[in-house]
Amino acid sequence: MKMAYPRIGCEDVDAAVKAACVQLLQHQGADGAWTDCFDTGMMPNAQTVISLYLIGYRDVTWTAPLVGAIRKHQREDGSWGLFPGDAGDLSTTVECFYALELMKAWALDDAPRVRAKAWIARHGGVRRCRNLTKMFLAVGGEIPWSWLPSPWLYTLMFMKGSPFSIEDIATFTRVHVPAMLVLSLYRYRSRYAACVLRELVNCDEREWGDERPSPMRTKLASWCAERCLEFLRTHMGQDGTLAGYHSSTWLSLFALHALGIDFDAPIIRCAIASMRQNLVVEEHSGYVHQQTTNAHIWNTALACRVLLDAGIPESHPQLQKAKSYLLAKQQVERTTGRPDGGWGFSSNNENHPDCDDTVACLDALRGFMQSSSTPINKGVSFLLSMQNRDGGWSAFEHNCDKRWLERLPANDMHRAMCDPSTADITGRVVAFLLRRRVLNSTDSSIKRAISWLQANQLRDGSWYGRWGTTYLYGTWCAVQALVAANLPASSPSLMRALRWLLSVQRADGSFGELCESDMLGRYSSAFTGQPTQTAWGLDTLLHLYDCTADTAVKSAIYRSASMAVDWLLDHRTADGWFDTCPNGSAFPGALYITYHIYPKVWPTSALLHFQRSIEGKNFREGG
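Every letter in the sequence shown is one number past the one before it in the UniProt record's numbering, and letter 392, counting from 1, is 392.
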């Protein structure tokens with residue numbers, strides 16, 4: 001069926017794709033990786049400043065830029081928030097306030113400090129912060145340990161015959177638990193505690209109690225500490241970090257100090273040096289951020305894949321560097337007793353592979369390698385071993401679905417304890433396995449996964465996406481899988497998905513969703529279109545276009561897709577596309593992500609799909 005080109009013209013699509021590919025190649029690092037920022041807002045900036053102070057590590061070349069960023073991002077009402085346009089976040093505001101107090105870094109004008117204090121008081125005060133924030137405050141001697149949940153229950157995780165084990169908790173939380181348990185049992189307080197928040201902490205003297213551990217507590221702490229140290233020895237990377245995450249690493253350093261290891265010990269100095277490497281200063285914009293972890297492996301796989309799809313030859317020296325980098329990061333000899341062959345997220349993640357990064361790396365490497373090669377086989381074996389009993393896939397874990405763990409008293413964040421099957425991970429795994437002909441649609445594993453996706457489609461036709469923003473992301477991933485499984489566009493699932501997608505497309509052709517959707521439990525439209533989310537919406541439309549033979553449906557999809565293409569071309573600057581809202585989720589309602597590489601890869605990928613589907617151009621096999 002012959003369609004008219006978008007309003008701007010096919011030559012503009014060509015030009016945008018080529019310019020995007022040139023810019024991607026220009027931003028590759030010398031080691032073959034793309035190191036674009038993994039941005040989680042002001043929280044890690046503040047926690048890093050606080051932790052360095054409480055460890056006694058003074059480096060103004062590190063802390064001064066972070067302090068400057070914190071001050072710059074304070075809002076007029078005195079708060080700091082999780083994403084543009086939100087109402088402010090209490091825990092983030094307290095952490096930023098604490099960091100500026102420790103460093104005596106407020107502006108000469110006291111008004112910002114006064115506004116922050118008033119905002120904190122209006123929103124319930126320090127006592128209402130999340131437990132992770134309280135953990136840093138207790139280590140700093142700002143609040144009593146009695147404000148945190150009792151550690152007694154959590155010692156059960158290390159006892160034989162217990163109803164739950166530390167291995168029942170998702171990786172991203174698990175790596176925090178041993179340190180938090182040690183610190184709570186020992187009621188640890190840093191020797192560098194400054195006690196600068198007294199005017200914010202309304203605390204009865206009795207709440208402080210006797211901060212010295214009782215003999216019984218000391219005996220239990222000693223027993224538990226041995227098991228926590230064993231966990232740390234097993235899970236710490238060679239660089240001293242825990243899974244590359246900043247908060248788990250800082251807390252582990254405090255825990256090691258509580259157990260008698262000096263802050264000048266090599267293991268602690270090594271970890272600090274590794275954390276220093278996660279500081280990002282973007283030269284062109286001056287933006288400063290302390291990453292919670294880096295995203296080098298994920299970034300590199302995505303960039304490599306889109307460049308290959310655009311027709312850049314495998315022999316290109318920069319793609320060869322990317323290939324070597326990814327192959328070197330495959331986890332093939334692991335020590336934690338879990339399946340090997342997968343990839344992790346960050347460059348220093350040595351022991352925690354996940355399904356999403358493994359899919360991305362396999363998808364990129366298949367452009368270079370035969371399907372029977374050892375790295376490919378190992379990666380595929382890892383993926384297949386991670387299918388859950390319900391037919392879906394999770395990000396990090398296998399059958400990690402004890403939902404009652406989310407109700408434990410210490411857990412005051414959403415979706416932090418379990419790692420159940422999700423539509424986004426299941427969709428991406430299934431689409432890869434089918435598109436790359438690892439399995440066919442009649443395979444029992446695929447059938448179970450497709451059944452899971454269909455059963456978990458929401459009433460309005462969308463799917464919830466755990467790791468992206470939110471319903472657009474989940475729907476994009478799920479539709480890819482269903483189309484790859486040869487479901488016709490006329491199937492109920494895909495027709496409902498199409499109706500929903502058209503209903504949320506903005507009048508200007510763009511798509512944009514606020515990350516608050518994951519807490520509201522429904523789609524929340526952003527104030528303006530977002531390039532990354534417009535790319536997801538466009539790509540979803542094109543998958544539906546590819547699988548329908550109905551002329552009327554095809555025409556309707558084309559009209560919407562061409563509007564999205566026009567919007568992307570209209571909103572590309574000389575430096576590319578830029579998102580103004582977070583495009584990923586870490587912990588709903590607590591921590592959101594802006595992947596700086598997303599607007600560099602996803603709009604380009606969607607425009608390439610448009611060229612294949614509408615213009616009939618074939619660069620290479622893609623999807």
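Idealized CB from N, CA, C, for every residue including glycine.
Nearest by alpha-carbon distance to residue i: which of the options is it?
| i | options | result |
| --- | --- | --- |
| residue 272 | 359, 413, 17 and 48 | 48 |
| residue 29 | 347, 227, 80 and 233 | 347 |
| residue 43 | 221, 144 and 293 | 293 |
| residue 568 | 604, 330 and 125 | 604 |
| residue 565 | 59, 602, 597 and 135 | 602 |
| residue 202 | 127, 497 and 584 | 127 |
| residue 318 | 438, 107, 517 and 303 | 303 |
| residue 458 | 493, 181, 229 and 152 | 493 |
| residue 422 | 377, 246, 77 and 475 | 475 |
| residue 16 | 588, 614 and 575 | 575 |
| residue 611 | 586, 578, 539 and 589 | 539 |
| residue 87 | 59, 122 and 99 | 122 |
| residue 428 | 419, 392, 399 and 462 | 392 |
| residue 506 | 157, 537, 328 and 342 | 537 |
Determine the extent of the beta strand (DSSP E) in which residue i is found, giving its start and end residues.
| i | result |
| --- | --- |
| residue 585 | 584-587 |
| residue 594 | 591-595 |
| residue 290 | 288-290 |
Tell me the DSSP secondary structure of residue i in three-state form.
| i | result |
| --- | --- |
| residue 260 | coil |
| residue 242 | strand |
| residue 614 | helix |
| residue 369 | coil |
| residue 609 | helix |
| residue 28 | strand |
| residue 142 | coil |
| residue 135 | helix |
| residue 623 | For residue 623, the pLDDT reaches just 39, beneath the cut-off of 50, and the residue's location in the model is therefore unreliable, although a value from the coordinates is still provided. Coil, per DSSP. |
| residue 516 | coil |
| residue 581 | coil |
| residue 158 | helix |
| residue 86 | coil |
| residue 400 | strand |
Classify residue i: buried if its beta carbon has 16 or more other beta carbons within 10 angstroms, exposed otherwise.
| i | result |
| --- | --- |
| residue 278 | buried |
| residue 13 | buried |
| residue 22 | exposed |
| residue 344 | buried |
| residue 137 | buried |
| residue 466 | buried |
| residue 442 | exposed |
| residue 469 | buried |
| residue 114 | exposed |
| residue 11 | exposed |
| residue 235 | buried |
| residue 668 | Here the chain covers residues 1 to 623 and nothing more, so residue 668 does not appear. |
| residue 89 | buried |
| residue 621 | Note on residue 621: pLDDT 41, under 50, position unreliable in the model; no value is reported. |
| residue 520 | exposed |
Residue range of the alpha helix (DSSP H) that residue i falls in?
| i | result |
| --- | --- |
| residue 308 | 296-309 |
| residue 197 | Element bounds for residue 197: n/a, residue is neither H nor E. |
| residue 279 | Counting along the chain, residue 279 falls outside any alpha helix (DSSP H), though it belongs to the beta strand (DSSP E) covering 279-281. |
| residue 424 | 423-435 |
| residue 545 | 531-546 |
| residue 495 | 492-504 |
| residue 442 | Segment: none, residue 442 is in no alpha helix (DSSP H) and carries neither H nor E. |
| residue 51 | 42-55 |
| residue 387 | Neither: residue 387 is in no alpha helix (DSSP H) and is coded neither H nor E. |
| residue 96 | 90-102 |
| residue 61 | 60-72 |
| residue 474 | 470-484 |
| residue 114 | 111-122 |
| residue 567 | 551-570 |
| residue 173 | 171-174 |
| residue 184 | 177-186 |
| residue 273 | 266-276 |
What distance in whole Å lies between the Cβ atoms of residue j and residue i, which are believed to be in contact at a cut-off of 8 Å?
| i | j | result |
| --- | --- | --- |
| residue 485 | residue 425 | With a Cβ gap of about 16 Å, residue 485 and residue 425 do not count as contacting. |
| residue 53 | residue 102 | 5 Å |
| residue 96 | residue 142 | That belief does not hold up - the Cβ atoms of residue 96 and residue 142 are roughly 14 Å apart, past 8 Å. |
| residue 145 | residue 184 | 6 Å |
| residue 413 | residue 130 | 6 Å |
| residue 523 | residue 462 | 7 Å |
| residue 360 | residue 298 | 6 Å |
Could you check whether the Cβ of residue i sits closer than 7 Å to any heavy atom belonging to the ligand NAP?
| i | result |
| --- | --- |
| residue 33 | The ligand NAP is not part of this structure, which contains no ligands at all. |
Between residue i and chain C, is any beta-carbon pair separated by less than 8 Å?
| i | result |
| --- | --- |
| residue 184 | In the structure shown, chain C cannot be found, because there is only a single protein chain. |
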